Structure formats: C-alpha cells, structure tokens
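Enquirer: What follows is a single structure, and I will ask about it in a moment.
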Amino acid sequence: MTNRWSGLLLASPLALILALFLIVPIGTIVVVSFFDYDSVRMFPAFVWTNYEELFLSPITWKTYFQTLQFAAITWAICLIVGFTVAYFLAFHIASPLMQTALFLVCTIPFWTSNVIRMISWIPFLGRNGLLNQALMGMGAINEPLEFLLFSNFAVILAYVHLYALFMVVPIFNSMVRIDRALIEAARDAGATEWQVLRNVVIPLARPGIMIGSILVVAVVMGDFVTVRLMSGGQSASVGLMMVNAMSLLQYPAAAANAVVLLIVVLLMIAAMLRIVDIRKEL
Amino acid sequence: MGGNRSRAFWPLAIVFGLFVLFLYGPTITIVVLSFQGPEGGLTFPMRGVSTHWFRNLFETQMVGDFGGSFTRSMILGGIVTVVTVVVSFMAGLAFRRRFPGATALFYLAVASLIVPSVLISLGIGLMFRLIGEDPAWWSSGLGAHLTWTLPFGLLIMFAVFNRFSPAYEEAARDLGATPWQTIRHVVVPILLPSLIGVGLFGFTLSYDEFARSLYTAGTFNTLPLEIYGMTTNVTTPVLYALGTVTTGVSFLVIGAAIGGVVLLRRRRGG
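Written as structure tokens, this is what we have:
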C-alpha cells in the first residue's frame, strides 16, 4: 500500500508538468477554436464558423494534401536510409566500442540546432552553390538549376537530413536485440543473406520500424519551419497555415486548424500503434 | 558478425559513409564559410580568410541581440537540464512498480512527444493570453521545453531501469540503509552515466528548440528565435558565424557529457 502511494508521489512532478503544459494548453486550443473574432481581438463564444471556414476553403484541402505528401515521401526515404544505416551498424560492425562510436556519430547532429542545419544547405544548393558549380564544371548542365534551393525538393532533403535519425535509432535498438542464434540457424538451413534479411531481420526489426515511422510522420505533419525556410515561401504546410493565421491575430482560426491537425496526427499514430506496443520495446 | 566480412560489408560501409557525409557536410561548409573575408558572400568562392564576421556578431546593433538571447538560452537550458534529470529520475523510479494512473501517465508522456511542437507552443501561448499573463522564456517557455525533454528523459529512464538489477538495492537494504540512503549512495552513483545522458538531452533540446519557443518566449528572444529572425533579414556570412558559434557550443556540451560518461566508466574499470 505504501509503495503504491510512494510511486504516485514520485511520478507527481511529471504528471503535474504535463497536466499544466500539455493537457491544459490543448484544452485551451479546443475552447478557443469555438471563439469568435474580428480583426483586432477574439471573444468567448460557441460558434462553428472557424471549422466551417476551414473545411470550406480549398486551400485547406490543398495544404493538408501537400503536408501528407511531404510526410509520405519523407517517411519512405527515411525508412530506406535509416534501415540501411541501422542494419550496417547492428550486423556489420563487430566491435561494440566501434558500434557505440559510429552510433554516436549518427546521433550528435540531433543535439545541434535544426535551424542552423537548414541554413547550412544554402552554400550547397543555392544558385551559385557547390552543387551547381560542380555540375556546370562537369559540363552536365549549362545553366544553374533553379529548383535546388527554395523548392519542395529542398524541403524533403532537409526533412531527411533532420529526421533520418528518428528512424536509425529505434531500428538499431530493435536490431541489436535480435538473437544472433536465429540468424545462424537460418544460415545453417541454407538461407541466403537476402533471405535472412527478408525473413528474419525485417520481421524482428518491425517494432523499431514502427516507432521510427511514428516519430518521422509526427514531426513532418507538424512542421512549419522547414517548409518556410527551405521552400522560400513557395510551398505550404498545415503548421505554416496556423502560424500565418496567428500572425494575422486570427487565433480562433489557428486553433480550429490545430484541433483538426491534432486529430489527423493522432488517427495516423493510432493506426500505427495498433501494430506495436512501445513499452515492450524499451 | 564473426571475423570474416560478408560481401555486403563494403557496399553498406559506403552507404554509411555517404550518410555521415550528408549529416556533417553542410555544417562543415558553413563553418568554413564563416571565415570568409570581409568582401565574401554566402557561397563559395572564399574571398580571403578572416574573423571579420565573428567580430561582426558581437556588435549588438548589427545583428540584433545575440549576447542577450545566448545568455537566456544558456540559463533556460540549465534549468531545463536540472528539472529534466530530477523529474525523469523520480518518474523512472515510480514506474518500476504499478501505481494508480501509471498507464495514463505513460501515454500522456508519449503524447507529449508526438503532439506537434507548434501546437504546444500555440496552446501555451493562448493559455497565458486567456489568463492575462505575459508569456516569458522562464515561465511559459520553460514549461513548453519540458514537454519535449521530459518524455525523452522518461523513455531513457525506462530503458535504464529495465537493465538495472534490484539486487544492489536489496543488498543495501539488508545492510540497514534507509530508502533515501539506498537511492543516494547506491542507485544514483550506478546510474550516473545515464543521468548525464538525460541531462544532455535536456540541455541540447532546450538550447536548440525553436517551434516550442515561438509563442512562449515572450518579449525576449531565446537564441533559436534570434537565429530564425536573422535568416529572413541577414544576407551576409555573419549568419554562418552565428551557426558556427552555436554549433560549437553544442559540441562542447556534447563533448563534456560524453567525456564525463567515458571518465566514469574508466574509473570503474568497466
């Protein structure tokens, strides 16, 4: 009995912080999404106009479609890259020290500034950037490619650059816990390297793949910084739509959009969570 | 896997090498370009080599409030680190046994990780607006950052406690240690490397956080907000100088944390 209560006591700071800065704010968003507003302020009310305006605008649908598209493409690329990198680290690096070192090499960029990491693509992708200079030097193109920076290409490149790690870490975590005897057994039974990968490694790494997928999809769905910086204002995302509404002081409109986005993201994640129980994977 | 490398080793090693180049290449480029001569631009070629842009960075009127925002971010990062380590550790201890609401709290922490940052920022901003408080980096900003760092801390503590043998605590208890003494002299020293790891997440995630700071920092910018502001109106390599300095700070912190962990391991002969 005392244990139960000491557990509750120990967990209470976490519960309090999350209640105050996660539950209440989200509740606030829901409440404000029903408020009315004019060009200067908002008033407490219960109106559905914010949602009506949101759903009746073709821009909303276009933006959601665009955001889902970003999420899908980024997810696919991150999955391929993340899986390959994790596979190499988990199965082809024999020394544990080397494994830890290379794993850290992959992780360190996660602890540095995202905004700076986006800016750092300018000298590469710009009109006079390294890539254009190199391509022109090789004679592959006559004029600089304009689509490299400030385009959907740049947005996706930046997403993969920033978030591939979200895929590498959980997949690696799943892979290192695969019993090596299973792989030996598959080999002894005559499986080729490819068959081992398909029939042993991928099924057992599935929890890591799912967790990585959830993280990547969640961050891309909610992003606005990358889209704004890397598309140079030529592309949109749901997050950016909200931020723009906020800068026009249309708080209830932004809140309604936030509620819809939250529901979309949670539905996507609930679908993915049905496949894996996170707590068993730690 | 075994001594002899499979045929797949070298192709995979090349992919891995390219991935690392992809991760670090751009950052290295802006570090090089931040030493542009005074006439240089945002892209190559280098027009001479100088520290002109770094000096430029510290002239307040040139690029906004670099010093102030840097100080605020460091202080905020420090507070977030301490709170994250203490609260995650306590919650980690709690989750070793069942307690009322454990499952709900776990899902709440996971939700905190996957609810888009901009939503949390917006929600906290609106909450402060409705209660008539002005948001500030040390109040609303701190709360917003904790919703991001605490779930990481908690997940790390889960992973750590799953591998932690209760035998150490039982031994301490058998020798007559109080619960507090057991934690203070047995659990904390054993888990210290992991707690440093949690602290590393706490500091770096807070120090670099942009979206969650956007509507919660109030009148005075934190460093990422300042940097973001500069991206729209600064078109000189001073931007890269700023990138070099902040990345340098991040690397110092990461280096200190990793160094600390390695040192602890070595002292224990592990």
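Protein sequence lines correspond, in order, to chains A and B.
For the first sequence, the working numbering begins at 1 and goes up steadily by one.
For the second sequence, the working numbering begins at 1001 and goes up steadily by one.
Beta carbons are placed, not taken as given, at the ideal position from N, Cα and C, and that holds for glycine.
Bear in mind the structure is a predicted one, so any value in this text is a computation, not a measurement.
Taking 7 Å as the threshold (beta carbon to beta carbon), is A:A15 in contact with chain B?
Expert: Chain B contact via Cβ: present.
Enquirer: Report the neighbours of B:L1042 on chain A: residues whose CB is nearer than 8 Å to its CB, in chain order.
Expert: Residues of chain A passing the Cβ test: I122, P123 and G126.
Enquirer: Pick from B:A1217, B:P1189 and B:L1119: whose alpha carbon is nearest that of B:F1089?
Expert: Comparing Cα positions, the closest option is B:P1189.
Enquirer: Give the secondary structure of B:V1238 by DSSP, where H, G and I count as helix, E and B as strand, and everything else as coil.
Expert: Correct three-state label for B:V1238: helix.
Enquirer: Can you tell which of B:Y1168, B:I1156, B:L1195 and B:I1075 has the C-alpha that lies nearest to the C-alpha of B:V971?
Expert: Absent from the model: residue 971 of chain B. The displayed extent of chain B is 1001 to 1270, so no value can be given.
Enquirer: Any idea which residues DSSP pairs A:Y37 with across the strands?
Expert: A:M42, per the DSSP bridge assignment.
Enquirer: For chain B, is any of its Cβ atoms less than 7 Å away from the one on A:F153?
Expert: So no, A:F153 is outside the interface.
Enquirer: On the DSSP bridge assignment, give the partners of B:Q1036 in chain order.
Expert: Bridge partners of B:Q1036: B:V1049.
Enquirer: Distance cutoff 7 Å, beta carbons only. Does A:A86 sit that close to anything in chain B?
Expert: With 7 Å as the cut-off, A:A86 does not count as an interface residue toward chain B.
Enquirer: So, with DSSP's three-state summary, where would you put A:A94?
Expert: A:A94 falls in the coil class under three-state DSSP.
Enquirer: For A:L79 and B:L1175, what's the separation of their Cα atoms in angstroms?
Expert: About 51 Å.
Enquirer: Could you have a look at A:G126 and say whether DSSP puts it in helix, strand or coil?
Expert: DSSP places A:G126 in coil when its eight states are reduced to three.
Enquirer: Less than 7 Å between C-beta atoms, sequence neighbours within five positions excluded: which residues of the same chain meet that for A:V259?
Expert: I29, V30 and S33, listed in sequence order.
Enquirer: Going by the DSSP bridge assignment, what does B:A1136 pair with across the sheet?
Expert: B:G1218, per the DSSP bridge assignment.
Enquirer: Give a yes or no on whether the C-beta atoms belonging to B:L1057 and B:L1192 are separated by under 7 Å.
Expert: Not in contact: B:L1057 and B:L1192 (Cβ atoms no closer than 7 Å).
Enquirer: Which residues in chain A have a C-beta closer than 8 Å to the C-beta of B:M1074? List them in chain order.
Expert: Chain A residues near B:M1074: none, gap ~14 Å exceeds 8 Å.
Enquirer: Alpha carbons only, please: which of B:I1183, B:A1211, B:A1257 and B:F1220 is nearest the one belonging to B:G1199?
Expert: Among B:I1183, B:A1211, B:A1257 and B:F1220, the Cα nearest to that of B:G1199 belongs to B:A1257.
Enquirer: Name the two residues that bound the continuous alpha helix (DSSP H) containing A:I209.
Expert: That run of the alpha helix (DSSP H) goes R206 to G222.
Enquirer: Ignore the nearest five residues each way along the sequence and tell me which others in B:L1154's own chain have a CB closer than 6 Å to its CB.
Expert: Only S1088, A1091 and A1109 meet the Cβ criterion.
Enquirer: May I ask you to report which of helix, strand or coil DSSP gives B:S1073?
Expert: In the structure shown, B:S1073 sits in a helix (DSSP, three-state: H, G or I).
Enquirer: Can you find a CB in chain B that lies within less than 7 Å of the CB of A:S113?
Expert: Yes, contact with chain B.
Enquirer: Could you please tell me which residues of the segment 177 to 195 of chain A, in chain order, have their CB closer than 8 Å to any CB of chain B?
Expert: Under the 8 Å Cβ criterion, the segment 177 to 195 of chain A contributes R180, I183 and E193.
Enquirer: May I ask you to verify whether the segment 1063 to 1073 of chain B touches the segment 1226 to 1233 of chain B, counting CB pairs closer than 8 Å and requiring at least 3?
Expert: The segment 1063 to 1073 of chain B, when compared against the segment 1226 to 1233 of chain B, does touch it at the 8 Å Cβ threshold.
Enquirer: Assuming contact is defined by CB atoms lying nearer than 7 Å, are A:N132 and A:P144 in contact in what I supplied?
Expert: Yes, Cβ-Cβ distance for A:N132 and A:P144 is below 7 Å.
Enquirer: From the beta carbon of B:L1108, is the nearest beta carbon of chain A less than 7 Å away?
Expert: At least one chain A Cβ lies under 7 Å of B:L1108.
Enquirer: Should B:M1230 be flagged as near chain A, meaning a C-beta pair shorter than 7 Å?
Expert: Chain A, which has no Cβ nearer than 7 Å to the Cβ of B:M1230, makes this no.
Enquirer: Nearest chain A C-beta to B:F1210 closer than 7 Å, yes or no?
Expert: So yes, B:F1210 belongs to the interface.
Enquirer: What number of angstroms, rounded off, separates the C-alpha of B:T1339 from the C-alpha of A:L240?
Expert: Nothing can be reported for residue 1339 of chain B, as the shown portion of chain B is limited to 1001 through 1270.
Enquirer: Is it a yes or a no for the segment 100 to 116 of chain A touching the segment 192 to 206 of chain A, going by three-plus beta-carbon pairs under 8 Å?
Expert: Contact between the segment 100 to 116 of chain A and the segment 192 to 206 of chain A is absent, because fewer than three Cβ pairs lie under 8 Å.
Enquirer: Would you call A:M98 buried or exposed, if buried means 16 or more other Cβ atoms sit within 10 Å of its Cβ?
Expert: It is exposed - the Cβ of A:M98 has fewer than 16 other Cβ atoms within 10 Å.
Enquirer: Quick check on DSSP: helix, strand or coil for B:I1014?
Expert: Here B:I1014 sits in helix by DSSP.
Enquirer: For the segment 45 to 55 of chain A against the segment 202 to 209 of chain A, are there 3 or more C-beta pairs whose distance is under 8 Å?
Expert: Judged by Cβ distances under 8 Å, the segment 45 to 55 of chain A makes no contact with the segment 202 to 209 of chain A, as fewer than three pairs qualify.
Enquirer: Given this structure, state the Cα-to-Cα distance separating A:I77 from A:I178, to the nearest angstrom.
Expert: Between A:I77 and A:I178, the C-alpha separation is close to 24 Å.
Enquirer: Since B:T1147 meets chain A, which of its residues come closer than 9 Å, beta carbon to beta carbon?
Expert: I17, L18, F21, L22 and P25, listed in chain order.
Enquirer: Determine the direct distance from the alpha carbon of A:V176 to that of A:L148, and round the result to whole angstroms.
Expert: C-alpha separation (whole angstroms): 37 Å.
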